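Report on the structure given below.
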Amino acid sequence: MDHQPPSAAWLESKSGEQTVVRGTCVLGRAVGCTLVLPGERVSRRHAMVHAQGDDEFWLVDLGSANGTYLNGRRVSQPCRLTDRDQVLVGDYSFTFRQPQAQRLAAESPAGTEKTIQEIKTLNCWLLVADIESSTQFTRRLPADEAPRVTGRWLADCKQIIDGHNGTINKFLGDGFLAYWPDREGAASSVAKTLTVLHQQQEKEHPRFRVVLHYGKVFMGGAASLGEESLLGSEVNFVFRMEKLAGSLGALRLMSDPAKAQLKSLCNAGEESRHPLPGFDGEFLFFRF
577 MDHQPPSAAW LESKSGEQTV VRGTCVLGRA VGCTLVLPGE RVSRRHAMVH AQGDDEFWLV
637 DLGSANGTYL NGRRVSQPCR LTDRDQVLVG DYSFTFRQPQ AQRLAAESPA GTEKTIQEIK
697 TLNCWLLVAD IESSTQFTRR LPADEAPRVT GRWLADCKQI IDGHNGTINK FLGDGFLAYW
757 PDREGAASSV AKTLTVLHQQ QEKEHPRFRV VLHYGKVFMG GAASLGEESL LGSEVNFVFR
817 MEKLAGSLGA LRLMSDPAKA QLKSLCNAGE ESRHPLPGFD GEFLFFRF
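In structure tokens form, the structure reads like this:
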């Protein structure tokens with residue numbers, strides 16, 4: 577456990593021990609977890625607290641056998657944490673602390689202007705994956721089984737994204753947004769990710785969609801404005817793509833800019849043009 581003074585957010589045990597949350601904090605029985613909890617009711621990789629931007633933290637169950645509880649309710653999908661929330665993992669109880677959150681939300685206009693100036697632009701690969709008809713899917717399962725299936729899927733997908741040099745920017749309840757800045761080797765990493773996710777889709781439990789786009793985004797520095805760390809029309813575009821894929825019944829959909837960047841690294845066909853709400857004209861998409 578980390579006894580250093582907390583910087584932004586931390587988990588505090590009943591005995592007052594503090595574990596600072598930096599990036600992703602994994603709780604579980606396995607030795608490699610950020611917070612090792614050697615209890616019989618704790619899974620090897622039980623849950624995680626995931627930082628999204630500078631001041632937003634989400635609790636995600638990783639398909640644990642006995643569940644993760646937030647303020648007395650079992651976590652069935654990623655939940656945003658607020659200061660003094662109660663987190664229960666097995667027989668271990670923690671208080672999530674984020675006392676800076678209110679101060680950040682009330683920053684002065686001068687501080688806000690500085691934050692805006694720190695925003696940078698870069699070309700990114702953007703990938704959205706989500707469980708198809710998640711509400712109906714979870715209703716078909718026993719109450720205790722649905723959180724485990726969703727949690728295991730999120731854990732597997734996170735491992736795939738992390739293992740191929742990508743980053744999950746945001747969990748979406750029944751899915752996530754991941755990205756890769758366009759640098760050397762990124763296209764190859766994205767192509768390999770698509771291959772492994774395709775293998776996951778063949779298991780069909782749960783059945784999920786994957787959409788891929790490429791474009792310029794604004795990144796960072798907007799946490800005090802209540803915005804996500806990835807901003808811009810291209811981010812909106814990939815989410816509109818996900819909705820389009822659902823309406824088409826397509827499990828895998830790729831935009832024309834993404835296909836142009838991947839070139840021969842990925843086989844894509846069955847092209848068609850479709851409009852997207854909020855964008856002018858029609859756009860070329862590929863199934864892969």
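Per our numbering, the very first residue in the sequence shown carries number 577; after that it's consecutive.
Note that the Cβ used here is the ideal one computed from N, Cα and C, for glycine as well.
For clarity, every value in this text was computed on a predicted model and none was experimentally measured.
What residue from the options has the CA that sits closest to residue i's CA?
| i | options | result |
| --- | --- | --- |
| lysine 734 | Arg605, Glu588, Phe859 and Val625 | Val625 |
| glutamate 632 | Ser652, Leu657, Glu616 and Val618 | Leu657 |
| glycine 739 | Trp756, Val793 and Pro851 | Trp756 |
| valine 725 | Gln594, Glu588, Ser640 and Arg816 | Ser640 |
| glutamate 818 | Arg863, Phe672 and Gln594 | Arg863 |
| glycine 751 | Ser848, Val772 and Arg783 | Arg783 |
| serine 840 | Phe859, Gln594, Ala763 and Arg849 | Ala763 |
| alanine 844 | Gln712, Gly727 and Val787 | Val787 |
| arginine 569 | Leu807, Gly822, Pro723 and Ala821 | What the structure shows of the chain is the stretch from 577 to 864, and residue 569 is not part of that stretch, so it cannot be assessed. |
| alanine 754 | Leu730, Gly761 and Glu588 | Leu730 |
| lysine 696 | Thr644, Arg715 and Met795 | Met795 |
| valine 651 | Ala623, Gln676 and Glu780 | Ala623 |
| arginine 716 | Asp732, Glu760 and His781 | His781 |
Using the C-alpha atoms, what's the distance from residue j back to residue i?
| i | j | result |
| --- | --- | --- |
| arginine 785 | leucine 770 | 11 Å |
| isoleucine 744 | valine 793 | 15 Å |
| tryptophan 701 | glutamine 776 | 20 Å |
| glutamine 653 | glycine 857 | 36 Å |
| phenylalanine 861 | glycine 666 | 46 Å |
| phenylalanine 670 | glycine 825 | 42 Å |
| glutamine 580 | lysine 746 | Any answer about glutamine 580 is weak, because its pLDDT of 43 lies below 50 and its placement is not dependable; what the coordinates show is given next. Cα to Cα, the separation comes out at about 27 Å. |
| proline 614 | leucine 748 | 30 Å |
| glutamate 708 | glutamate 778 | 14 Å |
| proline 833 | tryptophan 634 | 31 Å |
| leucine 827 | histidine 774 | 9 Å |
| serine 805 | tyrosine 790 | 17 Å |
| lysine 590 | glycine 599 | 23 Å |
| aspartate 659 | cysteine 842 | 44 Å |
| serine 848 | alanine 719 | 40 Å |
| valine 704 | glutamate 721 | 24 Å |
| histidine 850 | arginine 816 | 11 Å |
| leucine 838 | alanine 767 | 7 Å |
| glycine 592 | arginine 673 | 12 Å |
| threonine 610 | alanine 585 | 14 Å |
| asparagine 741 | glutamate 588 | 31 Å |
| leucine 664 | leucine 646 | 7 Å |
| threonine 595 | proline 675 | 15 Å |
| valine 612 | valine 597 | 14 Å |
| leucine 820 | phenylalanine 859 | 11 Å |
| alanine 606 | glutamate 616 | 12 Å |
| glycine 608 | cysteine 655 | 24 Å |
| aspartate 539 | glutamate 846 | With the chain covering 577 to 864 only, the question about residue 539 has no answer from this structure. |
Considering just the uninterrupted stretch of the beta strand (DSSP E) at residue i, what are its terminal residues?
| i | result |
| --- | --- |
| histidine 789 | 784 to 795 |
| glycine 604 | 600 to 604 |
| threonine 610 | Per DSSP, threonine 610 belongs to no beta strand (DSSP E) and is neither H nor E. |
| leucine 646 | 644 to 646 |
| glycine 751 | 751 to 757 |
| alanine 623 | 623 to 627 |
| leucine 587 | 586 to 589 |
| aspartate 637 | 633 to 637 |
| aspartate 659 | Here aspartate 659 belongs to no beta strand (DSSP E), and DSSP marks it neither H nor E. |
| glutamine 653 | That residue, glutamine 653, is in no beta strand (DSSP E); it is neither H nor E in DSSP. |
| arginine 673 | 668 to 673 |
| leucine 596 | Sequence inspection shows valine at residue 596; the leucine mentioned does not correspond to that position. Run containing valine 596: 594 to 596, per the beta strand (DSSP E) assignment. |
What are the boundary residues of the alpha helix (DSSP H) that residue i is part of?
| i | result |
| --- | --- |
| serine 764 | 762 to 777 |
Should residue i go down as buried or exposed, given a rule of 16 or more other Cβ atoms within 10 Å for buried?
| i | result |
| --- | --- |
| aspartate 637 | buried |
| leucine 698 | exposed |
| phenylalanine 813 | buried |
| serine 809 | exposed |
| alanine 836 | exposed |
| glutamine 628 | buried |
| valine 811 | buried |
| phenylalanine 855 | exposed |
| glutamine 662 | exposed |
| alanine 686 | Confidence is the limiting factor: at alanine 686 the pLDDT is only 47, short of 50, which leaves the residue's position unreliable and the question unanswerable from this model. |
| proline 853 | exposed |
| serine 619 | buried |
| valine 602 | buried |
| arginine 759 | exposed |
| serine 831 | buried |
| glycine 761 | exposed |
Those runs of the beta strand (DSSP E) which lie wholly inside the region 796 to 861 and span at least 3 residues: Note on the region 796 to 861: whole beta strand (DSSP E) runs with a minimum of 3 residues are 828 to 831 and 845 to 851, in chain order.
In chain order, what are the residue ranges of uninterrupted alpha helix (DSSP H) at least 4 long that sit wholly in the region 707 to 748? Entirely contained in the region 707 to 748, the alpha helix (DSSP H) runs reaching 4 residues are, in chain order, 710 to 715 and 721 to 739.
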